[in-house]
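>
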Amino acid sequence: MTNYFGLWRYNYSLPPPPTPVEEIKQQEAFDALIRAQLKSGRFREVHAFAEGGAGYFITGDVTDEQVFEDLS
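The opening position of the sequence shown corresponds to residue 120 in the numbering used here, with each subsequent residue numbered one higher.
(1) What are the boundary residues of the beta strand (DSSP E) that includes residue 173?
(2) How would you label residue 162, buried or exposed, when you count the other beta carbons within 10 angstroms and need 16 or more for buried?
(3) Report the CB separation of residue 179 from residue 160 in whole angstroms; it is logged as a contact under 8 Å.
(4) Just to confirm my understanding: we take residue 145, look at its own chain, exclude 5 residues before and 5 after, and list those with CB closer than 6 Å. What are they?
(5) Compute the distance between the beta-carbons of residue 143 and residue 164, then report whether it is under 8 Å.
This is the structure:
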């Protein structure tokens, strides 16, 4: 199994959700997904940089297929 280091950033070219409530729901769903991946061991670390629109992640011992699944 392999460990991966990846960089992520917010995609500003996508339109924002239509309402603030939808934006909150979208962010909470993303946070829940990241927490589940951390708890399962698929991600070892996930952090945001100071400005908040970008960051990095380090995976645990995962297969190439698992990384592709998590990133898609």
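C-beta: ideal position from N, C-alpha, C; glycine also. Given the structure is predicted, the values throughout are model-derived calculations rather than measurements.
Straight from the coordinates:
(1) Reading the sequence shown from its first residue, position 54 is the one you call residue 173. 173 to 178 is the extent of the beta strand (DSSP E) around residue 173.
(2) Within the sequence shown, numbered from 1, the residue matching residue 162 stands at position 43. Buried, by the Cβ-count rule.
(3) As a position in the sequence shown, residue 179 is number 60, starting the count at 1. As a position in the sequence shown, residue 160 is number 41, starting the count at 1. At roughly 4 Å, the Cβ-Cβ gap stays under 8 Å, so residue 179 and residue 160 are in contact.
(4) For the purposes of this step, residue 145 is taken as residue 26 along the sequence shown, with counting starting at 1. Spatial neighbours of residue 145 in its own chain (CB-CB distance under 6 Å, excluding positions within 5 residues in sequence) are listed in chain order as 136.
(5) Counted from its first residue, the sequence shown places residue 143 at position 24. Counted from its first residue, the sequence shown places residue 164 at position 45. Contact flag unset, no.
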